[in-house]
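These notes are about the structure you will find just below.
There are 2 protein chains.
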Amino acid sequence: MLGRVASTSLLPPTIRQLLSNTSNSARVQVNGWVKSVRRQKNVTFAVISDGSSAKGIQAVIQNGSLAKVLTNGASVRLGGTLGDSPGKGQDKELRVEEVEVVGECDPAAYPIQKQALPVDYLRDNCHFRARTNTIAEMLRLRATASDALQQFFNSLGFCYVHTPIITSSDCEGAGETFRVAPPEPSEPATHPTENKPSEFFGHPAYLTVSSQLHLEALATALSRVYTISPSFRAERSLTNRHLSEFWMLEAEWSFTQSVNDICAVTEGAIKDVLSKTQPHAQVFAQATGRSRILEHLQTASSTPVWTRLSYGDAVAELAKYHASARKFHFEPAWGKPLQSEHERWLAEELVKGPVFVTDYPVALKPFYMRLNDDGKTVACFDLLVPHLGELVGGSLREERSNLLDKALESHGLDKTQYGWYSELRKYGGAPHGGFGLGFERLISWISGIENVRECIAMPRWAGRMLL
Amino acid sequence: MLGRVASTSLLPPTIRQLLSNTSNSARVQVNGWVKSVRRQKNVTFAVISDGSSAKGIQAVIQNGSLAKVLTNGASVRLGGTLGDSPGKGQDKELRVEEVEVVGECDPAAYPIQKQALPVDYLRDNCHFRARTNTIAEMLRLRATASDALQQFFNSLGFCYVHTPIITSSDCEGAGETFRVAPPEPSEPATHPTENKPSEFFGHPAYLTVSSQLHLEALATALSRVYTISPSFRAERSLTNRHLSEFWMLEAEWSFTQSVNDICAVTEGAIKDVLSKTQPHAQVFAQATGRSRILEHLQTASSTPVWTRLSYGDAVAELAKYHASARKFHFEPAWGKPLQSEHERWLAEELVKGPVFVTDYPVALKPFYMRLNDDGKTVACFDLLVPHLGELVGGSLREERSNLLDKALESHGLDKTQYGWYSELRKYGGAPHGGFGLGFERLISWISGIENVRECIAMPRWAGRMLL
Chain A
1 MLGRVASTSL
11 LPPTIRQLLS
21 NTSNSARVQV
31 NGWVKSVRRQ
41 KNVTFAVISD
51 GSSAKGIQAV
61 IQNGSLAKVL
71 TNGASVRLGG
81 TLGDSPGKGQ
91 DKELRVEEVE
101 VVGECDPAAY
111 PIQKQALPVD
121 YLRDNCHFRA
131 RTNTIAEMLR
141 LRATASDALQ
151 QFFNSLGFCY
161 VHTPIITSSD
171 CEGAGETFRV
181 APPEPSEPAT
191 HPTENKPSEF
201 FGHPAYLTVS
211 SQLHLEALAT
221 ALSRVYTISP
231 SFRAERSLTN
241 RHLSEFWMLE
251 AEWSFTQSVN
261 DICAVTEGAI
271 KDVLSKTQPH
281 AQVFAQATGR
291 SRILEHLQTA
301 SSTPVWTRLS
311 YGDAVAELAK
321 YHASARKFHF
331 EPAWGKPLQS
341 EHERWLAEEL
351 VKGPVFVTDY
361 PVALKPFYMR
371 LNDDGKTVAC
381 FDLLVPHLGE
391 LVGGSLREER
401 SNLLDKALES
411 HGLDKTQYGW
421 YSELRKYGGA
431 PHGGFGLGFE
441 RLISWISGIE
451 NVRECIAMPR
461 WAGRMLL
Chain B
1 MLGRVASTSL
11 LPPTIRQLLS
21 NTSNSARVQV
31 NGWVKSVRRQ
41 KNVTFAVISD
51 GSSAKGIQAV
61 IQNGSLAKVL
71 TNGASVRLGG
81 TLGDSPGKGQ
91 DKELRVEEVE
101 VVGECDPAAY
111 PIQKQALPVD
121 YLRDNCHFRA
131 RTNTIAEMLR
141 LRATASDALQ
151 QFFNSLGFCY
161 VHTPIITSSD
171 CEGAGETFRV
181 APPEPSEPAT
191 HPTENKPSEF
201 FGHPAYLTVS
211 SQLHLEALAT
221 ALSRVYTISP
231 SFRAERSLTN
241 RHLSEFWMLE
251 AEWSFTQSVN
261 DICAVTEGAI
271 KDVLSKTQPH
281 AQVFAQATGR
291 SRILEHLQTA
301 SSTPVWTRLS
311 YGDAVAELAK
321 YHASARKFHF
331 EPAWGKPLQS
341 EHERWLAEEL
351 VKGPVFVTDY
361 PVALKPFYMR
371 LNDDGKTVAC
381 FDLLVPHLGE
391 LVGGSLREER
401 SNLLDKALES
411 HGLDKTQYGW
421 YSELRKYGGA
431 PHGGFGLGFE
441 RLISWISGIE
451 NVRECIAMPR
461 WAGRMLL
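Protein chains in written order, with the UniProt record's numbering: chain A, 1 to 467; chain B, 1 to 467.
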């Protein structure tokens, strides 16, 4: 097509692009923020970062009057030449000939000081938080992981779709769903009912807790669909695994008939992400000195096929261990949920790697999961990984109308509300299944950052929502 | 890395992959839905689609008893061989040897009949709508466009980020912002204030109307950021351009100092999308017979640099035309907003192609746009395109603290609420700018689908929200 603008010429190169592309002695301009300044007698070294890579670029300034204006946090434009660096820690350096401060930063008042800052302080300074090495690298990791997932699913013929955020489903009435209300009326209502929060759409509106049901509707037309979408839970529990607003990758596809196949796609997707995010994982491991995280990831990557273990077998293993060692707070027993301590033991001690636990009892799982022939379990899995616990949940979906109706009934759900969902089965329904992967949990697993509040740009949880 | 699963072997090929990859005479299995059946004396032709491409595959069934079970809408699994098709309209066909109906579909009751269905009917049957050719192709177009935008920005060193959906900003108090409320209490409150909708986070919470301010915070750390994110407006106006829930591409980057540069990036992004979505545009043009849409797109693609026109010059041209022809309902005048009729005339008649209208009067635009040296206009643009009107809005952002404070004041905004936003300027602020592109409008422009309600999978507007 004529007239297409060559995209690479639209903006000057980032520091990352400069360091990977430009040959030495080239005259370059670098835009970025001063991350540190080290003044020596005849020369000043400054690290300049534009956020495009973990390291930034080392700037060498011989001219004392030029160096004088550089302070931590200031945004600057430097002109100079690239050359091989004799120093440790970088291949190239910028020999500075011109300095322009485009945005000053009072080093005494700057909220982001060079020393490590407490997480709570950074959460309170959410608008500055991405200027720290950890959060910036986490954001780059998110972008790489998201891109890896998209490429993986695109290559399998999946269609990337946007599912609705505002929904009429309050998801099983669990009471943890945010409501959406129209703008506040300027005049107070005479009768409270006159301004019911749900009036805007004519009936109650909620924020989605999962895109799955909507994906199922699209999978009966496009066969293979996925999304990376925000989800919402008005949970009041304040753990390091929960956010009020979080992102999920959810994939759904038709014509699949075994949980094992869904596990295989899940495993393929995650292994692809691990491969493509390895450089980020290394940055985190180097920064924290925690090589154990890297070992977990390498084990997961190099295991040819991750272990599959039925819930029944998992409970038997847990019970055997508990009988001998009495290490669990909760006694493992068939029919009871797996507790966090159980999940971690399975992944970290028994399997020593990721493990798919499959075929849970029907009573422990949502209405839409496909009943197995035993009549007691459903065709589902949870993927448990060392150091984290549950990362993914997936299942075949009940495609048989009569069994779906029974499941709705036994879960005490309103059949009319799910009428459209049942109809998908009545007209050309196909066996299908899928899974949901908590995106912040994935980031936590790869980075070793323990709290998901540091795995998203601007976290929201009960009682806290800045910006 | 060891043990990585070859993704292509994880699932059987889609029809699209089959038709583009497999050599003839290969034994294949096809999963999909029956789109049409044509029975002749000795042979039956059926079109089978799995949603992976616009055309589907032609299945040829010689065996009458096999053909009998095929009905419109049923989901089927067909076994056979691929061969060159002697018929018109396709290169290859599937010679069927085995037929399995995996999901029946009563042809009389099936809500998606073969003939063209009214849009309102399809909106009411939102869960089935993606089974129509138009909506399925629209969804594939969305995926291609989204992917093209991501590749474009990634290549320029932008970082893809997820900005928050729940926000504390009610965006200038325009009264079109949805509120977010915690779950309804099981007991009615004795005093209405006891259950203030905002209590969950400790202060009022809203659904975002734009990611821009959040992107600006991230652009002071990562330099170049973008997102494709849902946005929300509780607008009660029922036009074919407005949805309550819509998607926007928003990009923001530091160290840019001219509106012209922002226009260039915008133009580059859209030209890339036009190039990569051309096959979809052709499908739509063929289906509707409206080649005029294609011509608009080709003009846009082949124009080396899209016209830039200042608001002042645009108004002068409009006034000149109006003085001679008196064709406008609203008289054009400096200081007044451009009306839809003005925008379309500029793009369709004056420029006959996309046009960036720049430097609007300060009173017409939001507080955050950068004041020009004339003190009367701001450094901004609207991109107007033929057949649609406004597609993109962008600007430099006011990076000078004192001028930003004045702008907040003159717009009657609460300075304390924007304290964090002002702080971004005080500590290493940099000149920066960006733009927002309405994703459904882009899809409308490329497809020629006039109403944005048909440019998203599950549309929401005042009074209407299904699923």
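Every residue gets a Cβ at the ideal spot worked out from N, C-alpha and C, and that includes glycine.
Bear in mind the structure is a predicted one, so any value in this text is a computation, not a measurement.
> Nearest-angstrom Cα distance between residue 383(B) and residue 266(B)?
Replying inline: Just so you know, the alpha carbons of residue 383(B) and residue 266(B) end up roughly 9 angstroms apart.
> Are residue 33(B) and residue 75(B) touching if we call contact CB-CB under 8 angstroms?
Replying inline: yes
> Checking contacts by CB at 8 angstroms: is residue 14(B) closer than that to chain A?
Replying inline: Judged by the 8 angstroms Cβ criterion, residue 14(B) is in contact with chain A.
>> Under 8 angstroms, Cβ to Cβ, is there at least one residue of chain A near residue 179(B)?
In response: yes
>> Across the stretch 440-448 of chain A and the stretch 383-399 of chain A, are there enough close Cβ pairs to call them in contact, namely three or more that are closer than 8 angstroms?
In response: yes
>> Could you compute how far the alpha carbon of residue 19(B) sits from the alpha carbon of residue 49(B)?
In response: Approximately 12 angstroms between the Cα atoms of the pair.
> In the structure shown, what three-state DSSP assignment does residue 390(A) receive?
Replying inline: Looking at residue 390(A) - three-state DSSP - the assignment turns out to be strand.
> Hey, is the stretch 203-216 of chain A in contact with the stretch 144-152 of chain A, meaning 3+ C-beta pairs nearer than 8 angstroms?
Replying inline: no
> What's the call for residue 99(B), buried or exposed, on a 16-neighbour Cβ count within 10 Å?
Replying inline: buried
>> For residue 163(A) and residue 299(B), I'd like the C-alpha separation in whole angstroms.
In response: 33 angstroms
> So which residues on chain A does residue 33(B) lean against when the C-beta distance must stay under 7 angstroms?
Replying inline: 428
>> Using 8 angstroms for Cβ pairs, my map puts residue 319(B) next to residue 332(B). What's the rounded Cβ distance?
In response: 5 angstroms
>> I'd like the ranges of any alpha helix (DSSP H) spanning at least 4 consecutive residues and lying wholly in the stretch 266-352 of chain B.
In response: 278-288, 291-302, 311-325, 340-344
> Mind checking whether residue 15(A) and residue 30(A) have CB atoms under 8 angstroms apart?
Replying inline: yes
> Taking contact to mean at least 3 C-beta pairs separated by less than 8 angstroms, is the stretch 95-112 of chain A in contact with the stretch 62-73 of chain A?
Replying inline: yes
>> Measuring straight from C-alpha to C-alpha, what distance separates residue 348(A) and residue 340(A)?
In response: 12 angstroms
> By how many angstroms is the C-alpha of residue 237(B) removed from the C-alpha of residue 463(B)?
Replying inline: 11 angstroms
> So which of 136(B), 79(B), 81(B), 77(B) has the shortest CA-CA distance to residue 449(B)?
Replying inline: 136(B)
>> Tell me the DSSP secondary structure of residue 473(A) in three-state form.
In response: The structure shown does not extend to residue 473(A), since chain A spans only 1 to 467, so no value can be given for it.
>> So, under 8 angstroms CB-CB, residue 362(B) and residue 352(B) are touching, yes? Tell me the CB distance rounded to an integer number of Å.
In response: Actually they do not touch by this definition, with Cβ atoms about 30 angstroms apart.
> Are the Cβ atoms of residue 126(B) and residue 458(B) separated by less than 8 angstroms?
Replying inline: yes
> Of all Cβ atoms in chain A, is any one closer than 8 angstroms to the Cβ of residue 52(B)?
Replying inline: yes
>> Measuring only the C-alpha atoms, how far is residue 345(B) from residue 247(A)?
In response: 42 angstroms
>> Check whether the stretch 395-408 of chain B and the stretch 278-296 of chain B touch, using three or more Cβ-Cβ pairs below 8 angstroms as the test.
In response: They do not touch, by the three-pair rule.
> In three-state DSSP terms, what is residue 121(A)?
Replying inline: helix
> Is any beta-carbon of chain A found at less than 8 angstroms from that of residue 346(B)?
Replying inline: no
> Is residue 291(A) near residue 461(A), with beta carbons less than 8 angstroms apart?
Replying inline: Taking 8 angstroms as the cut-off, the beta carbon of residue 291(A) is found no closer than this to the beta carbon of residue 461(A).
>> Cutting at 8 angstroms between CB atoms, please list the residues of its own chain near residue 199(B), excluding the five before and the five after it.
In response: 182
> Does any CB atom of chain D fall closer than 8 angstroms to the CB of residue 168(B)?
Replying inline: The chain labelled as chain D is not found among the protein chains of the depicted structure, namely A and B.
> How would you list, in chain order, the residues of chain A whose beta-carbon sits under 7 angstroms from the beta-carbon of residue 127(B)?
Replying inline: 217, 420, 423, 424
> How big is the Cα-Cα spacing for residue 94(A) and residue 354(A)?
Replying inline: 44 angstroms
> Taking DSSP as the reference, what is the three-state secondary structure of residue 192(B)?
Replying inline: With a pLDDT of 48 at residue 192(B), under the threshold of 50, the modelled position of this residue cannot be trusted, and the question is left open.
> Going by other Cβ atoms of all chains shown within 10 Å of its Cβ, with 16 needed for buried, is residue 129(B) buried or exposed?
Replying inline: buried
> At a CB-CB cut-off below 8 angstroms, which residues of chain A make contact with residue 214(B)?
Replying inline: Under the 8 angstroms cutoff, chain A gives 457, 458, 467.
> Hey, out of 360(A), 250(A), 456(A), whose CA is closest to residue 150(A)'s CA?
Replying inline: 250(A)
>> Can you give me the C-alpha to C-alpha distance between residue 13(A) and residue 157(A), rounded to a whole angstrom?
In response: 33 angstroms
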